[in-house]
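Student:
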Amino acid sequence: MNWQTTTANLFARLTIKQMMRRDVSVPSMRRAIGALERLFPRRPADCEVGRDHPLPDCEAEWVRPRELPADRVLLHFPGGAYVVRFPNLERALVGRICHAAHARGRIVFYRLAPEHPFPAGHDDGVAAYRQLLDLDIAPGRIFLSGMSAGGGLALGVLLAIRDRGWPLPAGAIAMSPLTNLTETHQGASRVTNARSDAVLSLAHGHQLRDMYVGGNAELYGHPYVSPVFGDYHDVPPVLFQVGSTEVMLDDSRQAAERIRATGGSAEVEIWEGMPHGWQAMPFLPDGTLAVERIADFMRMHAP
Amino acid sequence: MSKSRPPRAAGETRTAQAFMARLRLDHARLSRVLRELEVQRTRLDTEPDEARAVLGEALHYLVEYLHGHHHPREDLLYARLAPLRADLGEELRELGREHDGGARRARQLVAALRRLPPAGPAGRGSERFARDLRAYVDETRQHMRREERAIFYAGVEPWLSEADWQAVSAAAMPDDPLGDAAHLRRHYPHLAAALALPVRDVSSAVQPADDVSARQARAMAALREGADELVETYGELLHEGLDLLRANVETLWGAPSPLGAVGALPEVSRRSYQFAARCIALPSRVALGCASRMLSPFGATAAPGDTKE
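Taken in sequence, the protein lines are chains A and B.
So the first sequence is numbered by the numbering used here: it starts at 301 and just counts up by one.
So the second sequence is numbered by the numbering used here: it starts at 5 and just counts up by one.
(1) Compare the C-beta of Val363/A against all C-beta atoms of chain B and say whether one is closer than 7 angstroms.
(2) By DSSP, does Trp466/A sit in helix, in strand, or in coil?
(3) With a Cβ-Cβ cutoff of 7 angstroms, do Pro356/A and Gly395/A count as a contact?
(4) Against chain B, with Cβ distances strictly below 7 angstroms, would Trp571/A count as a contact?
(5) Between the alpha carbons of Asp91/B and Val67/B, how many angstroms are there, rounded?
(6) Which runs of the beta strand (DSSP E) fall wholly inside the region 547-584 of chain A and span at least 3 residues, in chain order?
(7) So if I threshold CB-CB distances at 7 angstroms, which residues from the region 178-202 of chain B count as touching chain A?
(8) Within the region 337-374 of chain A, note down every full beta strand (DSSP E) run reaching 3 residues or more, in order along the chain.
(9) In the DSSP assignment, what are the bridge partners of Ala167/B?
(10) For Thr72/B, decide whether its Cβ has a neighbour in chain A, counting only Cβ atoms nearer than 7 angstroms.
(11) Quick one: which residues of the region 325-345 of chain A get their C-beta closer than 7 angstroms to a C-beta of chain B? List them in chain order.
(12) By DSSP's criteria, His416/A is part of a beta bridge. Which residues make up the other side?
(13) Under 7 angstroms Cβ-Cβ, which residues of chain B neighbour Met600/A?
(14) Drop a sphere of 10 angstroms on the beta-carbon of Ile284/B, count the other beta-carbons inside from all chains shown, and report buried for 16 or more, exposed for fewer.
(15) Compute the Euclidean distance between the alpha carbons of His504/A and Arg391/A, then round it to the nearest angstrom.
(16) How should Met320/A be labelled, buried or exposed, when 16 other C-beta atoms within 10 angstroms of its C-beta is the threshold for buried?
(17) Alpha carbon to alpha carbon, how far is Tyr532/A from Asp424/A?
(18) Which residue marks the beginning of the beta strand (DSSP E) containing Arg138/B, and which one marks its end?
(19) Of all Cβ atoms in chain A, is any one closer than 7 angstroms to the Cβ of Ala158/B?
(20) Would you list the residues sitting across from Ile442/A in a DSSP beta bridge?
(21) Whose Cβ in chain A lies nearer than 9 angstroms to the Cβ of Gly264/B?
(22) Take Pro537/A as the anchor and find which of Val373/A, Val383/A and Gly471/A has the nearest alpha-carbon.
(23) So Glu543/A and Ser448/A are supposed to be a Cβ contact under 8 angstroms. How far apart are they, rounded?
(24) Mind checking who Asp205/B pairs with in its DSSP beta bridge?
(25) For the beta strand (DSSP E) holding Gly405/A, just list the boundary residues, first then last.
(26) For the region 398-417 of chain A, which residues have a CB atom closer than 8 angstroms to at least one CB atom of chain B, in sequence order?
(27) So which residues on chain D does Arg56/B lean against when the C-beta distance must stay under 8 angstroms?
(28) Looking at the secondary structure, which residues open and close the beta strand (DSSP E) in which Leu508/A lies?
(29) May I ask which residues mark the beginning and end of the beta strand (DSSP E) holding Phe311/A?
(30) For chain B, check one thing: does any of its Cβ atoms lie closer than 7 angstroms to the Cβ of Val568/A?
(31) State yes or no: is the C-beta of Glu567/A within less than 7 angstroms of the C-beta of Pro202/B?
(32) Tell whether a beta-carbon distance below 7 angstroms holds between Met511/A and Val383/A.
(33) Helix or strand or just coil, what does DSSP make of Ile333/A?
(34) Since Glu95/B contacts Ala158/B with CB under 8 angstroms, what's their CB separation in whole angstroms?
(35) From Arg274/B, Tyr69/B and Leu81/B, pick the residue whose C-alpha is nearest to that of Trp163/B; which is it?
(36) If contact is defined by three or more beta carbon pairs under 8 angstroms, each pair taking one atom from either stretch, is the region 111-124 of chain B in contact with the region 326-345 of chain A?
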């Protein structure tokens, strides 16, 4: 492991993981993340951020690389356990992917729990895709993507698009996605990687998932909430990227197995020792490489 | 001629579209191979036989198809485009130079792969090859991106006449082996198998060959785990310390009078001593637990796989 990754892991272990272990009160988490976010620029380098084509129920932004043909579209859902978000970090990530893939990004700042439990955020994602179709963007040029909880949301939205019979996108990219909100994962990486994961602590995981479903436990197994239980016939290819030491390693593995078992196509990249969300950290060599590989995946499926 | 000149009317013909679509498709498939080169590069020392077999076929594909057919076809297009688009002149010349340099590097890599010393820890020597391979992948990616930005998605089609497009399309172009799964399996069996793998382990670093015993590996894993736990323990103490500092300041600041603040000192001291005790006890406990886990593989009965002692 290189020194940049070691440093990032150390920093995350001393800050974000401690915060998640000690306190998951939403206001304090949002306050702390707001302070952390000030470390990152509001606008990604060499990109224009636009707020045209607003969505009815949530905010959304376009990230357009300057002076670059951008004929693919990346519909991106930010992470943050469905209760918080890192807008500056996500904008920067989308900007880097768009540069590498000659794409423009559409970031959907879907409504967050606990104020807006499921299906509010999911519906925002589906509405954002519909809007792209209504804007006459060819579905074969669209990719869904998401980080962490946003990755799970992207898969749920993908299933919903297929269920509605709409034209399907070219593919989906799930970065360390949260795909399983039930208890069936006990004993897997959620337990075995609890110590090695430098970023996430699931000490208060139950509280967070309760917030997302508004206390309705029956929803945990719903495929739009836990896409690991979805039926993926006819869906386009999905790329998973996950760190080998993450608690959510098995979320990717199992979701990919499920996709393949139900007729879809999925590949999983397991990145040695990478912390949760490393793709968004441009100072990590593996962050840059991961973005390059996402761009290659987009080229492969939308030449 | 410059970019400001109105494009020719013939532009968007089927010939032009088919030609450009083929070039874009080649890049998409090239992306797959570049991703595979990266993965195999990191396995040169850990799974040398498999990695070398895949790399050999991938490089052969690149020499034969990418440098042998795809780039010459692009060169034909650039030669027609150059007199019409003076604004692209330097870019086109640079792209041409990169075609020549890339082909040379790919052939050098093929030769270097053949010259690699025997596989295994005793025969390590693949570092330079791995470095050169990475540089080749990076440069090919950058080249591909520049080409796409300047030409592939920049709407150059209207600048050439139908006759131009017919002429550049007339050059013989074999089918891309990557576009035919059966052909790929027959002629590039290792590459085909690698590309079809659903799960890949990825790292930017070359993975070192594992020449330690299983027991040593378990002890090292325990050490890493212990170090992580120790960092988290200190992190926890750091945050506790900050909380304590805040509480003590509030206690003293909130006292109704200086005498009241003096009266609060015993409480402040008690909390501080308790915290100091935790600062000593907690890391010590973690360190002892880590040492015990590190030593346990050597105290236990040999497990299967512990052959290299």
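The beta-carbon is built from N, C-alpha and C at its ideal position, and this holds for glycine as well.
Tutor: Reading from the atomic positions:
(1) no
(2) coil
(3) no
(4) Chain B contact via Cβ: present.
(5) 31 angstroms
(6) 566-571
(7) Pro202
(8) 347-350 and 359-365
(9) Answer is none; Ala167/B lacks a bridge partner.
(10) It should be noted that the sequence gives Gly, not Thr, for residue 72/B. So no, Gly72/B is outside the interface.
(11) none
(12) In DSSP, His416/A forms no bridge with anything.
(13) Listed along chain B are Ala32, Ser35 and Arg36, each with a C-beta nearer than 7 angstroms to that of Met600/A.
(14) exposed
(15) 27 angstroms
(16) buried
(17) 21 angstroms
(18) Arg138/B -> not in any beta strand (DSSP E); alpha helix (DSSP H) instead, spanning Glu131 to Glu151.
(19) It does: the Cβ of Ala158/B has a partner Cβ on chain A nearer than 7 angstroms.
(20) Partner residues in the beta bridge of Ile442/A, as assigned by DSSP, are Val373/A.
(21) The contact set of Gly264/B on chain A, defined by CB atoms closer than 9 angstroms, is empty, because the minimum CB distance reaches about 30 angstroms.
(22) By alpha-carbon distance to Pro537/A, the top candidate from Val373/A, Val383/A and Gly471/A is Gly471/A.
(23) Glu is not the amino acid found at residue 543/A; the sequence shown has Gly there. Taking C-beta atoms under 8 angstroms as the contact rule, Gly543/A and Ser448/A fail to qualify, at a distance of about 11 angstroms.
(24) Ile570/A
(25) Ala403 to Phe409
(26) Those residues of the region 398-417 of chain A that come within reach of chain B (Cβ to Cβ, closer than 8 angstroms) are Ala400 and His402.
(27) Of the protein chains in the structure, A and B, none is chain D.
(28) No beta strand (DSSP E) contains Leu508/A, which is instead part of the alpha helix (DSSP H) from Gly505 to Tyr512.
(29) Not the beta strand (DSSP E): Phe311/A falls in the alpha helix (DSSP H), residues Trp303 to Leu314.
(30) Among the residues facing chain B, Val568/A is included, as its CB has a counterpart in that chain under 7 angstroms away.
(31) yes
(32) yes
(33) Note: Ile333/A maps to helix in three-state DSSP.
(34) At roughly 10 angstroms, the Cβ-Cβ gap does not stay under 8 angstroms, so Glu95/B and Ala158/B are not in contact.
(35) Taking Trp163/B as reference, the option from Arg274/B, Tyr69/B and Leu81/B with the minimal CA-CA separation is Leu81/B.
(36) no
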